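Asker: Going by UniProt numbering, the first residue of the sequence shown is number 1, and it counts up by one from there.
Beta carbons are placed, not taken as given, at the ideal position from N, Cα and C, and that holds for glycine.
Given the structure is predicted, the values throughout are model-derived calculations rather than measurements.
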Amino acid sequence: GLVHQVTDLCGDVFDGISREDKGLSLTLCPVKVMKIHGFQGTMKEMAMIEYFLEYFPSLKEMQVYAEENSTTQLRNREVSKLVLRIFQLYNKFSSCSVQLFFI
Numbered sequence: 001g002l003v004h005q006v007t008d009l010c011g012d013v014f015d016g017i018s019r020e021d022k023g024l025s026l027t028l029c030p031v032k033v034m035k036i037h038g039f040q041g042t043m044k045e046m047a048m049i050e051y052f053l054e055y056f057p058s059l060k061e062m063q064v065y066a067e068e069n070s071t072t073q074l075r076n077r078e079v080s081k082l083v084l085r086i087f088q089l090y091n092k093f094s095s096c097s098v099q100l101f102f103i
């Protein structure tokens with residue numbers, strides 16, 4: 001799934017760029033389509049999606065794939081409904097189309 005553990009080494013691929021400017025460098029990235037596989041509906045994943053929507057202004061389409069028969073939080077009907085409502089809000093308030101697919 002979409003997992004990222006924040007450490008002091010985060011962003012070191014951007015050698016020579018201060019931590020404050022790393023968010024700025026992401027805004028200059030021309031990513032237009034993002035595909036996320038193995039989505040489980042966790043709060044961490046939702047926070048990462050929100051982060052991508054905020055810091056990738058060129059992003060036009062985000063395809064999020066979850067396994068239909070997996071034992072994730074998305075099997076819970078209420079969690080699944082909540083995730084879908086949040087995705088609707090993402091679509092309403094960003095220029096990116098966020099879509100959830102069950103495979």
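Spatial neighbours of PHE101 within its chain, please: CB distance less than 8 Å, with the 5 preceding and 5 following residues excluded, ordered by chain position.
Answerer: Mapped onto the sequence shown, residue 101 falls at position 101. The residues are GLN63, VAL64, TYR65, ALA66.
Asker: For the beta strand (DSSP E) containing GLN99, list its first residue and its last residue.
Answerer: As a first step, residue 99 must be located in the sequence shown, where it is residue number 99. Segment 97-102, the beta strand (DSSP E) holding GLN99.
Asker: Is the beta carbon of LEU59 less than 8 Å from the beta carbon of VAL31?
Answerer: Position 59 of the sequence shown, counted from the first residue, corresponds to residue 59. Position 31 of the sequence shown, counted from the first residue, corresponds to residue 31. Going by C-beta atoms, LEU59 is nearer than 8 Å to VAL31.
Asker: ARG85 by DSSP, collapsed to three states: which one?
Answerer: To locate residue 85, count along the sequence shown from 1; it is residue 85. Helix.
Asker: Provide the residue(s) that pair with GLU61 in DSSP beta bridges, ordered along the chain.
Answerer: Looking up residue 61 in the sequence shown gives position 61. According to DSSP, which records beta bridges pairwise, GLU61 is partnered with VAL33, SER97.
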